[in-house]
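Residues 186 to 635 (our numbering) make up the sequence shown, in order.
See below for the structure under consideration.
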Amino acid sequence: MSVAAAKNSLTNHLDGLRQSDLWLEGYSGVIVAVSGGPDSLALAFVAAEICVEKKINFEAVVVDHGLRSEATGEASQVVETLKSRGIRSCCLRITAPPPSSGKQAWAREQRMQLLCDYARQTASAVLFAHHYDDQAETVAMRLARGSAVMGLSAIAAVRIYQGVLFVRPFLGLRKFDLITVCKAYKAEYITDPSNTDRVFERARVRAWLQQSDQRLLKQQLVQLSSLSAQLSERLADTLAEWCAEHIVFTLRLRAQINFVTFSELNGAKQNLILRHCLAVIGGQPYPLSDNRLDQVRVRLATGVRSTAGDCLVQGNAERITIMAEFGRMPEPELTVQAGRIYRFDKRWLIRTTKDGVIRRLGPAGWAKRSQSSNFQSLSDWTARMGAMIPVLHGLDGRRYCPHFIKRRLFYSGFAFNPAQQDPAPTRAFCASSLPVDGPCAVIKTDINDR
186 MSVAAAKNSL TNHLDGLRQS DLWLEGYSGV IVAVSGGPDS LALAFVAAEI
236 CVEKKINFEA VVVDHGLRSE ATGEASQVVE TLKSRGIRSC CLRITAPPPS
286 SGKQAWAREQ RMQLLCDYAR QTASAVLFAH HYDDQAETVA MRLARGSAVM
336 GLSAIAAVRI YQGVLFVRPF LGLRKFDLIT VCKAYKAEYI TDPSNTDRVF
386 ERARVRAWLQ QSDQRLLKQQ LVQLSSLSAQ LSERLADTLA EWCAEHIVFT
436 LRLRAQINFV TFSELNGAKQ NLILRHCLAV IGGQPYPLSD NRLDQVRVRL
486 ATGVRSTAGD CLVQGNAERI TIMAEFGRMP EPELTVQAGR IYRFDKRWLI
536 RTTKDGVIRR LGPAGWAKRS QSSNFQSLSD WTARMGAMIP VLHGLDGRRY
586 CPHFIKRRLF YSGFAFNPAQ QDPAPTRAFC ASSLPVDGPC AVIKTDINDR
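Below, the structure is given as structure tokens:
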């Protein structure tokens, strides 16, 4: 029964998504993030069969985080296990050195970035095997931290992250169900010792919820998550309407909020709007706390500018302006290959037909903007914003910048030589504003971009 339930859940998710506008144009398939545990292996086996039936390209992706001495060997073992079942699979490796503390959070962030990059190159959606028990644990942890309604909605079944579609089709299934699926496929799975190491918060919460007298609580936590998700969706719709009417976003570089209408709102609503704008412009993975936002509002009320979430916040009697904070070290730099898509500087999706290095234009480059007529449409841009325009330094010695003529999702690019006054446009380099991350009800800044 567990195999049938898993197949039905995945089928319903895929069918619903492919009929909605969330299945982005150009998607050619799905990838499953596989750790080697029973949850992700169960999803890989089920998804491989479903995708064959529905003629969807499928691949299992294993990420080697290298945090344990056994990790590399286990990752290779999982790939071989999948390949022996006829499942296309590969291993991605985290090469950055881990920090001295917060290693689990660091590994999750690195893993997500690798999966995002790979999904963009393969034009794929990403499936995760989070389940019912994971949801209960997450809600319990967020309750302990004092999360508000939107935080208590916990793990979203469908989410846009860095322009990539993430799907979790097994949130209605329990851990036991997925172990049963693995047994049905006669698969041996890996048990990560950190899952039971009470040094980690999730392991402690998991052990607590597994006690016999907490079974009802687990159900109540998941119900709370479902209710919070419904409230959050309504809240997001209301927020989107307010933002469209009272805020002007300039890509993910600046947000200008109507001060008069903003000041008519109560403190909780003001914090909600500031949190959203700071997330859009600053690109931070986690939202700011109410305490931090209260500090920002106090400084706004006294006419003092502040910094928060990698943004500069300042206001006057007409508007509140939130801008990306330029000059924070280290300056981003990204080596790129032709024909691939990259995320740059937390706010750009880059597509290039040339090899090279992406850097910010910088203050010196922005000061020379008069050398090209393509920058004339950016007359209302500040130097801080202009300095953050992405520039491709090609191996041919030329520089390539976007000229901000919008064509669907991407901006066509032009090549320029500082010695030339008005170079001929080419299509060598394209950049788009990175879509706003969020759950199914996404607040899209391009609705009122200019």
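All C-beta atoms, glycine included, are put in the ideal place defined by N, C-alpha and C.
Keep in mind that this is a model prediction, so the values were computed, not measured.
Put simply, of 316, 250, 339 and 273 the residue whose alpha carbon is nearest the alpha carbon of residue 295 is 250. Partner residues in a beta bridge of residue 236, as assigned by DSSP, do not exist. Within the stretch 482-569, the runs of alpha helix (DSSP H) that reach at least 4 residues and sit entirely inside it are, in chain order, 547-552.
Residue environment: residue 275 is assigned as exposed (fewer than 16 neighbouring CB atoms within 10 Å of its CB, all protein chains considered). Boundaries cannot be given for residue 471, as no beta strand (DSSP E) includes it and DSSP labels it neither H nor E.
In the three-state scheme derived from DSSP, where H, G and I count as helix and E and B as strand, residue 221 is classed as coil. Excluding five sequence positions before and after residue 216, the CB atoms of its chain that fall closer than 8 Å to its own CB belong to 243, 244, 245, 246, 300, 303, 304, 307, 309, 310, 311 and 312, given in chain order.
The beta carbon of residue 327 sits closer than 7 Å to the beta carbons of 336, 337 and 339 from its chain, once the five residues preceding and following it are set aside; these are given in chain order. Runs of the alpha helix (DSSP H) lying entirely within the stretch 425-473, each at least 4 residues long, are 444-448 and 452-467 in chain order. Counting C-beta pairs with one atom in each stretch, the stretch 566-583 and the stretch 534-549 have three or more that are closer than 8 Å, which means they touch.
DSSP places residue 249 inside the beta strand (DSSP E), whose first and last residues are 242-249. For the set 530, 518 and 535, the Cα lying nearest the Cα of residue 524 is the one of 535. Judged by their CB atoms, residue 508 and residue 458 are not nearer to each other than the 9 Å cut-off.
The count of Cβ pairs closer than 8 Å, one atom from the stretch 353-365 and one from the stretch 312-325, reaches three, so the stretches are in contact. DSSP links residue 214 through a beta bridge to 242 and 309. Annotated three-state conformation of residue 230 is helix, per DSSP. Beta bridge pairing from DSSP links residue 346 with 349. Note on residue 488: under 16 other CB atoms within 10 angstroms of its CB, so exposed under the neighbour-count rule. Per DSSP, reduced to three states, the secondary structure at residue 410 is helical. Burial check for residue 456: the Cβ neighbour count within 10 Å reaches 16 or more, so the residue is buried.
Per DSSP, reduced to three states, the secondary structure at residue 270 is coil, with no helix or strand assignment. Shown here for residue 359: same chain residues with a beta carbon closer than 8 Å to its own, the five before and five after excluded, namely 316, 317 and 318 in chain order.
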